[in-house]
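The next block holds one structure in the form of structure tokens; read it before the comments.
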Amino acid sequence: MSQIHTLTMPKWGLSMTEGRVDAWLKEEGQVIAKGDEVLDVETDKISSSVEAPFSGVLRRQIARQDETLAVGALLGIVVDGEASEVEIDAVVEQFQATFVPGDDAEEDRGPKPQKVELDGRLIRYFERGEGGVPLVLVHGFGGDLNNWMFNHEALAAGRRVVALDLPGHGESTKQLERGDLDELSGIVLALLDHLDIPAAHLVGHSMGGAVSLNIARLEPQRVRSLILIGSAGLGEGINGDYLEGFVEAANRNALKSQLVKLFSNPELVNRQMLEDMLKYKRLEGVGAALRLLVSGVFKDGSQQLDLRGVVQDGQQPVLLIWGSDDAIIPANHSAGLKAQVEVLPGQAHMVQMEAAEQVNRLILDFVQQH
Amino acid sequence: MARKISYQQAINEALAQEMRRDPSVFIMGEDVAGGAGAPGENDAWGGVLGVTKGLYHQFPGRVLDTPLSELGYVGAAVGAATCGVRPVCELMFVDFAGCCLDQILNQAAKFRYMFGGKASTPLVIRTMVGAGLRAAAQHSQMLTSLWTHIPGLKVVCPSSPYDAKGLLIQAIRDNDPVIFCEHKMLYSMQGEVPEELYTIPFGEANFLRDGKDVTLVSYGRTVNTAMDAARNLAARGIDCEVIDLRTTSPLDEDSILESVEKTGRLVVIDEANPRCSMATDISALVAQKAFASLKAPIEMVTAPHTPVPFSDALEDLYIPDAAKIENAVLKLIEWSKRS
Numbered sequence: 022m023s024q025i026h027t028l029t030m031p032k033w034g035l036s037m038t039e040g041r042v043d044a045w046l047k048e049e050g051q052v053i054a055k056g057d058e059v060l061d062v063e064t065d066k067i068s069s070s071v072e073a074p075f076s077g078v079l080r081r082q083i084a085r086q087d088e089t090l091a092v093g094a095l096l097g098i099v100v101d102g103e104a105s106e107v108e109i110d111a112v113v114e115q116f117q118a119t120f121v122p123g124d125d126a127e128e129d130r131g132p133k134p135q136k137v138e139l140d141g142r143l144i145r146y147f148e149r150g151e152g153g154v155p156l157v158l159v160h161g162f163g164g165d166l167n168n169w170m171f172n173h174e175a176l177a178a179g180r181r182v183v184a185l186d187l188p189g190h191g192e193s194t195k196q197l198e199r200g201d202l203d204e205l206s207g208i209v210l211a212l213l214d215h216l217d218i219p220a221a222h223l224v225g226h227s228m229g230g231a232v233s234l235n236i237a238r239l240e241p242q243r244v245r246s247l248i249l250i251g252s253a254g255l256g257e258g259i260n261g262d263y264l265e266g267f268v269e270a271a272n273r274n275a276l277k278s279q280l281v282k283l284f285s286n287p288e289l290v291n292r293q294m295l296e297d298m299l300k301y302k303r304l305e306g307v308g309a310a311l312r313l314l315v316s317g318v319f320k321d322g323s324q325q326l327d328l329r330g331v332v333q334d335g336q337q338p339v340l341l342i343w344g345s346d347d348a349i350i351p352a353n354h355s356a357g358l359k360a361q362v363e364v365l366p367g368q369a370h371m372v373q374m375e376a377a378e379q380v381n382r383l384i385l386d387f388v389q390q391h
Numbered sequence: 007m008a009r010k011i012s013y014q015q016a017i018n019e020a021l022a023q024e025m026r027r028d029p030s031v032f033i034m035g036e037d038v039a040g041g042a043g044a045p046g047e048n049d050a051w052g053g054v055l056g057v058t059k060g061l062y063h064q065f066p067g068r069v070l071d072t073p074l075s076e077l078g079y080v081g082a083a084v085g086a087a088t089c090g091v092r093p094v095c096e097l098m099f100v101d102f103a104g105c106c107l108d109q110i111l112n113q114a115a116k117f118r119y120m121f122g123g124k125a126s127t128p129l130v131i132r133t134m135v136g137a138g139l140r141a142a143a144q145h146s147q148m149l150t151s152l153w154t155h156i157p158g159l160k161v162v163c164p165s166s167p168y169d170a171k172g173l174l175i176q177a178i179r180d181n182d183p184v185i186f187c188e189h190k191m192l193y194s195m196q197g198e199v200p201e202e203l204y205t206i207p208f209g210e211a212n213f214l215r216d217g218k219d220v221t222l223v224s225y226g227r228t229v230n231t232a233m234d235a236a237r238n239l240a241a242r243g244i245d246c247e248v249i250d251l252r253t254t255s256p257l258d259e260d261s262i263l264e265s266v267e268k269t270g271r272l273v274v275i276d277e278a279n280p281r282c283s284m285a286t287d288i289s290a291l292v293a294q295k296a297f298a299s300l301k302a303p304i305e306m307v308t309a310p311h312t313p314v315p316f317s318d319a320l321e322d323l324y325i326p327d328a329a330k331i332e333n334a335v336l337k338l339i340e341w342s343k344r345s
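Heads up: the protein sequence lines correspond to chains A and B, in order. Residue numbers for the first sequence follow this note's numbering, beginning at 22 and rising by one. Residue numbers for the second sequence follow this note's numbering, beginning at 7 and rising by one.
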């Protein structure tokens, strides 16, 4: 049976309302497989590729190059099987007749992060999806829940997925008491309590990986599995120059020379990303929180806590995802561990953003089995 | 958390938060409380346009109405600052500077230097600048370059609510005299501002837009005009980089040069009169330090060399608008094609 699919403008992150078509990567008439990159789209925050959520033949490129379109707008038509031009015309016509672009007001009505007071601190979190054993997404040093903008929605297709801002980060309270992994792990556990989540799959990126490992060490019964991406806690080395440079950077050039180390494609570090990061770093308390974390977790460019034992104990299944060219925490930290190890060639530290589709598939396949 | 508030509210919030944090911060000036001495909320106007409204009741004894004597109260603020408190002194309109220039340029600006670095003068002078309010020649000037000319002063001119709050907090914490220029036509501008305290360092220009064809440099209200022009030009396929200086002293020379070295074309937009202005200063800087990168002459879009007219029609013509900026950009693009 044939099916006419509509490929539409994705929504990446909380604030995206529109995107500009940068270039088509597939020609009309070309066969595409689910997960193939079909076109590049640029927003004011980031550019990335739109991946096909279905397989078939790209029959129509509706969006033109350089055209700016609202989230949800029609980009192209992919047909799985046979369909006549007339049938395609009818689908396009019907889509365009009924499509209403969202505006700012609608964005306000959409799903929004919440805030809750935990241990006297305001913590921001964002929930999507329902059912199953929940996934909890824990960002890294200097990050926030937007680090999962290309993952959160996709992972939440069949289950509850919660992302949070660790204290000192995003829109959570900036003050830290000790700035060690126990303090950060305590907040994640307090959030699980608040949300009545007895056990979860923990997905941790970078320092968030070490936080997840530490939770598994402290309260193993609450952790169904561990998915660790470019994770800290599994070796001694870490790029101390990056940490120092990131904490000290007070202007866009200083910050840019650090942030490019996170990505395989340095062009992703655009004006808006730098401005957003500077706005975060200027907030009262952020500098002190970051410095406390560096001295508590990553003192003198070496990781303070070795959590390889948590993996080797084998109480939870572990998936390790790493970019082969990670310039912050080397991929060879994954060696010799009792875990499913996936090293993505050519990728860097922010692999969950740059190779989102691949990472999402690895995570979904993994949690399916456990 | 960021939410949308006005430029005026952002300034009010910065004052309130800093006064709460630091008991040595206080406000003084003409009508900053307004009706002080008379009871009741309605009598506290909070300045001629209400920027300090509400602070008189929140901070008893720390919002001081002064006599109508700039020479007297600005001098008192300079003296107070040298004695270890942090006055935020309001000079209602920058045009009134003539009445207190000695206190600022001969006293406040010179102390650190003349006392061998041993004296500090943590003074902020908040003052309203700019044309557009139909307030005529004595209440509409853009005297930013007057202050920028004087070593020992720092000069700030925010273009958005976010910048207004972060730059004012930085100004209050700074240990040197700061002239904080608020454009009166921006008071109602809305923008996202974090509730938390934050500071924006002086001498760091803001890139509002990255572009490869032409660099537009401005500060204050006309940054927004330059952004309008850049949007219109983008529709014609011309890609402008827009730089907001944020502070004219210190001046972020590196950002200007870095941008012109990339684009090879410069338009400086300045609402001030053109002689000895930021427009001429930046043009000279680029001509001297980035001459080899230039693909066309430098363009300046400024007010004319006249007082600000009272006639609506003439005042509108006086102020640099998006059309003038677009024409200047098109002229540069044409020039490059010709040669």
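Every residue, glycine too, gets a C-beta built ideally from N, C-alpha and C. As the structure is a computational prediction, the values presented were derived from the model and not from experiment.
Identify whether E148 (chain A) lies in helix, strand or coil by the three-state DSSP scheme. Translated into the one-based positions of the first sequence, residue 148 (chain A) becomes position 127. Residue state, collapsed to three classes: strand.
Inter-residue Cα distance where the pair is W169 (chain A) and T231 (chain B): Residue 169 (chain A) sits at position 148 when you count from the first residue of the first sequence. Residue 231 (chain B) sits at position 225 when you count from the first residue of the second sequence. Rounded to the nearest angstrom, the two C-alpha atoms are 36 Å apart.
Any 3 or more C-beta pairs closer than 8 Å across the segment 172–180 of chain B and the segment 362–375 of chain A: no
Bridge partners for P183 (chain B) per DSSP, in chain order? As a first step, residue 183 (chain B) must be located in the second sequence, where it is residue number 177. Note: P183 (chain B) sits in no beta bridge, so no partner.
Run through DSSP, which three-state label would L191 (chain B) get? What you label residue 191 (chain B) is simply residue 185 of the second sequence in a count that begins at 1. A quick correction: the sequence has Met, not Leu, at residue 191 (chain B). Looking at M191 (chain B) - three-state DSSP - the assignment turns out to be helix.
Out of B:N112, B:I185, B:E202, point me to the one whose CA is closest to F208 (chain B)'s CA. In the second sequence, the residue the question calls residue 208 (chain B) occupies position 202. Cα-wise, what sits closest to F208 (chain B) is B:I185.
Beta-carbon separation of W343 (chain A) and A356 (chain A) under 8 Å? Position 322 of the first sequence, counted from the start, is the residue given in the question as residue 343 (chain A). Position 335 of the first sequence, counted from the start, is the residue given in the question as residue 356 (chain A). No; because the gap between Cβ atoms is not below 8 Å, this pair is not in contact.
Alpha carbon to alpha carbon, how far is E349 (chain B) from S246 (chain A)? Outside the modelled stretch of chain B, which goes from 7 to 345, sits residue 349 (chain B), for which no answer is possible.
Between P256 (chain B) and chain A, is any beta-carbon pair separated by less than 8 Å? Taking the second sequence and counting its residues from 1, one reaches residue 256 (chain B) at position 250. Judged by the 8 Å Cβ criterion, P256 (chain B) is not in contact with chain A.
Is the CB of Y204 (chain B) under 8 Å away from at least one CB in chain A? Working through the second sequence from its first residue, we reach residue 204 (chain B) at position 198. For Y204 (chain B), the answer is yes, since a Cβ of chain A falls inside 8 Å of its Cβ.
Taking the C-alpha atoms as reference points, what is the distance between E378 (chain A) and F171 (chain A)? Counted from its first residue, the first sequence places residue 378 (chain A) at position 357. Counted from its first residue, the first sequence places residue 171 (chain A) at position 150. The alpha-carbon atoms of E378 (chain A) and F171 (chain A) are separated by roughly 8 Å.
Amino acids of chain A, ordered along the chain, whose beta-carbon sits closer than 8 Å to that of G172 (chain B): Taking the second sequence and counting its residues from 1, the one referred to as residue 172 (chain B) is at position 166. Per Cβ cutoff of 8 Å: R303.
Starting from D101 (chain A) and walking both ways along the beta strand (DSSP E), at which residues does that stretch end? Within the first sequence, residue 101 (chain A) is the residue found at index 80, counting from 1. Per DSSP, D101 (chain A) belongs to the beta strand (DSSP E) from 95–101.
When the cut-off is 8 Å and only beta carbons count, does E127 (chain A) lie next to chain B? By 1-based counting over the first sequence, the position of residue 127 (chain A) is 106. Residue confidence for E127 (chain A) is low, a pLDDT of 49 falling below 50, so the modelled location carries little weight and cannot support an answer.
Please give the ranges of any alpha helix (DSSP H) in the segment 146–232 of chain A, keeping only runs that are unbroken, at least 4 residues long and fully inside the region. 173–176, 202–215
Give the list of continuous alpha helix (DSSP H) stretches no shorter than 4 residues that lie fully inside the segment 329–358 of chain A. 329–334
Measure from the alpha carbon of Q135 (chain A) to the alpha carbon of each residue in A:G141, A:G123, A:R149, then state which is nearest. Here residue 135 (chain A) is taken as the residue at index 114 of the first sequence, counted from 1. Among A:G141, A:G123, A:R149, the Cα nearest to that of Q135 (chain A) is on A:R149.
Leaving out the 5 sequence neighbours to the left and right, which residues in its chain are closer than 8 Å to L55 (chain B) when beta-carbon positions are compared? In the second sequence, counting from the first residue as 1, residue 55 (chain B) sits at position 49. These residues qualify, in order along the chain: Q14, M134, K190, Y193.
If we cut at 8 Å on Cβ distances, does A184 (chain A) have a partner in chain B? Taking the first residue of the first sequence as position 1, residue 184 (chain A) is located at position 163. No - not a single Cβ of chain B is within 8 Å of the one on A184 (chain A).
Count the other CB atoms, across all protein chains shown, that sit within 10 Å of the CB of P338 (chain A); report buried if there are 16 or more and exposed otherwise. Within the first sequence, the letter at position 317 stands for residue 338 (chain A). Result: buried.
If we cut at 8 Å on Cβ distances, does D287 (chain B) have a partner in chain A? As a position in the second sequence, residue 287 (chain B) is number 281, starting the count at 1. With 8 Å as the cut-off, D287 (chain B) does not count as an interface residue toward chain A.
With H, G and I counted as helix, E and B as strand and the rest as coil, what does DSSP make of E63 (chain A)? By one-based count along the first sequence, residue 63 (chain A) stands at place 42. If DSSP states are grouped into helix, strand and coil, E63 (chain A) belongs with the strands.
May I have the straight-line CA-CA distance separating L385 (chain A) from V209 (chain A), to the nearest angstrom? The count along the first sequence starts at 1 and reaches residue 385 (chain A) at position 364. The count along the first sequence starts at 1 and reaches residue 209 (chain A) at position 188. Distance between the alpha carbons of L385 (chain A) and V209 (chain A): 22 Å.
Residue ranges of each beta strand (DSSP E) run of no fewer than 3 residues wholly in the segment 44–91 of chain A, ordered along the chain? 58–63, 68–72, 77–82, 89–91
Ignore the nearest five residues each way along the sequence and tell me which others in R9 (chain B)'s own chain have a CB closer than 8 Å to its CB. If you number the second sequence from 1, residue 9 (chain B) lands on position 3. Only E198, V199, E201 meet the Cβ criterion.
To the nearest angstrom, report how far apart L60 (chain A) and A302 (chain B) are at their CA atoms. For the purposes of this step, residue 60 (chain A) is identified with residue 39 of the first sequence, where counting begins at 1. For the purposes of this step, residue 302 (chain B) is identified with residue 296 of the second sequence, where counting begins at 1. Their Cα atoms are separated by approximately 37 Å.
Output needed in chain order: residues of the segment 182–212 of chain B with a Cβ under 8 Å from some Cβ in chain A. P200, E202, L203, Y204, T205, I206, P207, E210, N212
If we define contact as Cβ-Cβ less than 8 Å, is A216 (chain B) a contact residue for chain A? Translated into positions along the second sequence, residue 216 (chain B) becomes position 210. Note that residue 216 (chain B) is Asp in the sequence shown here, rather than Ala. True, the Cβ-Cβ gap to chain A drops below 8 Å.
If you follow the beta strand (DSSP E) that F99 (chain B) is in, where does it begin and where does it stop? Within the second sequence, residue 99 (chain B) is the residue found at index 93, counting from 1. First-last of the beta strand (DSSP E) with F99 (chain B): 92–99.
So if DSSP puts M134 (chain B) in a beta bridge, which residue, or which two residues, is it bridged to? Working through the second sequence from its first residue, we reach residue 134 (chain B) at position 128. According to DSSP, M134 (chain B) bridges with B:F99, B:E188.
Using a Cβ-Cβ distance under 8 Å, would A54 (chain A) count as near chain B? Here the question's residue 54 (chain A) lines up with position 33 in the first sequence. False, the Cβ-Cβ gap to chain B never drops below 8 Å.
From this set, A:G77, A:G141, A:E192, which residue's C-alpha is nearest G163 (chain A)'s C-alpha? If you number the first sequence from 1, residue 163 (chain A) lands on position 142. Comparing Cα-Cα distances from G163 (chain A) to each of A:G77, A:G141, A:E192, the minimum goes to A:E192.
Spatial neighbours of S342 (chain B) within its chain, please: C-beta separation below 6 Å, excluding the five flanking residues on both sides. Indexing the second sequence from 1 puts residue 342 (chain B) at position 336. Hits under 6 Å: K301, A302.
Mind listing the chain B neighbours of R292 (chain A)? Cutoff is C-beta to C-beta under 7 Å, in chain order. The residue given as residue 292 (chain A) occupies position 271 in the first sequence. What R292 (chain A) touches in chain B: F213, D216.
Counting along the chain, where does the alpha helix (DSSP H) carrying H63 (chain B) start and finish? Position 57 of the second sequence, counted from the first residue, corresponds to residue 63 (chain B). It spans 61–64 - the alpha helix (DSSP H) in which H63 (chain B) sits, taken as one unbroken run.
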